[in-house]
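Q: In this note's numbering, the protein residues as written are 9 to 338. For each residue, glycine too, the CB sits at the ideal point set by N, CA and C. Remember, predicted model here, so these are calculated numbers, not experimental data. Okay, here's the structure, questions in a sec.
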Ligand code: CP
Ligand code: NVA
């Protein structure tokens with residue numbers, strides 16, 4: 009059956025079938041080709057979108073801005089704290105106002121319920137640019153990158169190391185389960201994803217030919233794997249006091265040369281970014297001063313290695329976000 013996503017919101021990968029995800033990936037490839045060949049694609053000329061950010065961003069914001077302009081749209085950015093939303097105006101009221109002015113709304117914030125509520129009340133497509141629970145636009149970029157680098161999705165062995173119950177851990181487990189990858193969360197038990205979501209993903213994986221495994225064992229969890237993925241140990245919105253316990257829990261799950269050597273020979277390293285792989289950031293320098301750690305979730309050696317595809321992944325944010333906006337607004 010033909011896929012039609014017109015008018016849909018993009019809130020989490022769980023809402024989309026494998027065929028719909030496939031369609032978005034193929035569309036992303038077309039947009040990437042058009043961008044590469046400088047073929048104009050102002051297919052949504054005259055439309056307007058608003059980007060609401062309650063947390064900071066580089067990739068997601070820039071992807072929505074550039075993709076929106078490439079498609080011919082007007083783009084309005086509202087930075088953290090600069091709108092009335094939440095303080096003086098409810099989400100439902102904000103949604104109904106924005107829905108009268110804009111053709112689509114991007115939202116990055118805290119609770120998943122907020123983005124769901126925006127979608128319920130605005131009457132226009134809403135795109136989740138990251139919540140505490142999910143980061144779905146990142147998933148499309150990651151799947152596209154894996155397919156470009158390894159030539160396939162089905163059957164790929166994928167290992168996520170680190171905080172496996174944050175937005176990235178949750179989203180990657182769902183995305184892999186839907187698309188037939190063998191997903192392993194390699195993390196301490198305290199940071200395993202929530203049981204209910206694991207059960208849902210195990211069922212999805214049965215249907216797609218993939219699998220879902222949780223392990224605390226770094227050696228077993230990374231043996232022969234095709235993709236090693238990690239994320240920062242403390243996410244946006246978490247208090248800085250958690251660094252100490254998080255470092256204790258996650259230090260042995262750092263992606264380093266030994267981990268990469270245990271993976272498949274042509275394994276790739278992925279990270280949604282930003283990353284603490286050196287002391288060239290204020291937080292990185294602060295952690296070094298307090299805990300003596302010069303690199304955190306990934307060593308600089310791995311981050312800068314040939315196996316690292318993190319900047320291709322970052323570029324793909326733009327092509328895939330363009331596909332989502334086009335598919336839902338066209
Ligand atoms: N990966 C990602 O979402 O990056 P930003 O926080 O810079 O948007
Ligand atoms: N888990 C990270 C992802 C950043 C893209 C965070 O929420 O800060």
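Can you say whether residue 46 is buried or exposed, counting buried as having 16 or more other CB atoms within 10 angstroms of its CB?
A: Label assigned to residue 46: exposed.
Q: Looking at residue 250: is its Cβ nearer than 8 Å to the Cβ of residue 279?
A: no
Q: Tell whether a beta-carbon distance below 8 Å holds between residue 149 and residue 325.
A: yes
Q: Report, in whole angstroms, the separation of the C-beta atoms of residue 87 and residue 61, which I expect to be a contact under 8 Å.
A: 6 Å
Q: Just curious, the alpha helix (DSSP H) that residue 145 is in, first and last residue?
A: 144-158
Q: Could you check the C-alpha separation between residue 159 and residue 84 for me, to the nearest Å?
A: 37 Å
Q: Enumerate, from N- to C-terminal direction, the unbroken beta strand (DSSP E) stretches of 3 or more residues contained entirely within the region 65-91.
A: 82-86
Q: Return yes when the Cβ of residue 140 is within less than 8 Å of the Cβ of residue 175, no when it is not.
A: yes
Q: Hey, could you find the ends of the beta strand (DSSP E) residue 191 is sitting in?
A: 190-194
Q: Under the three-state reduction of DSSP, which class applies to residue 129: helix, strand or coil?
A: Residue state, collapsed to three classes: helix.
Q: Looking at the ligand CP, does it come within less than 7 Å of residue 190, judged from the CB to the closest heavy atom?
A: No, Cβ of residue 190 sits at least 7 Å from all heavy atoms of the ligand CP.
Q: Under 7 Å from any heavy atom of the ligand CP, by CB: list those residues in chain order, please.
A: 64, 65, 66, 67, 68, 69, 138, 143, 146, 280, 281, 282, 325
Q: Hey, would you say the C-beta of residue 240 is under 7 Å away from at least one heavy atom of the ligand NVA?
A: Yes, the beta carbon of residue 240 sits closer than 7 Å to at least one heavy atom of the ligand NVA.
Q: Distance, Cα to Cα, residue 50 vs residue 310?
A: 39 Å
Q: Which value, in whole angstroms, describes the spacing of the CA atoms of residue 225 and residue 290?
A: Between the alpha carbons of residue 225 and residue 290 lies a distance of about 32 Å.
Q: Would you say residue 244 touches the ligand NVA, meaning its beta carbon is less than 7 Å from a heavy atom?
A: yes
Q: How is residue 313 classed by DSSP in three states: helix, strand or coil?
A: Residue 313: coil per DSSP, three-state reduction.
Q: Taking just the CA atoms, how far does residue 161 sit from residue 151?
A: 7 Å
Q: What are the start and end residues of each continuous alpha helix (DSSP H) run of 4 or more residues lying completely inside the region 246-329, in chain order?
A: Whole alpha helix (DSSP H) segments, 4+ residues: 251-258, 265-270, 290-299, 308-311.
Q: Is residue 109 near the ligand NVA, judged by its Cβ being under 7 Å from some heavy atom?
A: no
Q: Can we count residue 136 as close to the ligand NVA, meaning its CB is less than 7 Å from some heavy atom?
A: Answer for residue 136: no, Cβ out of range of the ligand NVA.
Q: Return helix, strand or coil for residue 112, following the three-state DSSP convention.
A: strand
Q: Am I right that residue 55 and residue 336 are in contact with their C-beta atoms under 8 Å? What's the rounded C-beta distance?
A: With 8 Å as the limit, residue 55 and residue 336 do not qualify as a contact, their Cβ atoms being about 11 Å apart.
Q: Please classify residue 145 as buried or exposed, where buried requires at least 16 neighbouring CB atoms within 10 angstroms.
A: buried
Q: Closest to residue 81 by C-alpha separation, out of 65, 63, 58, would be which residue?
A: 58
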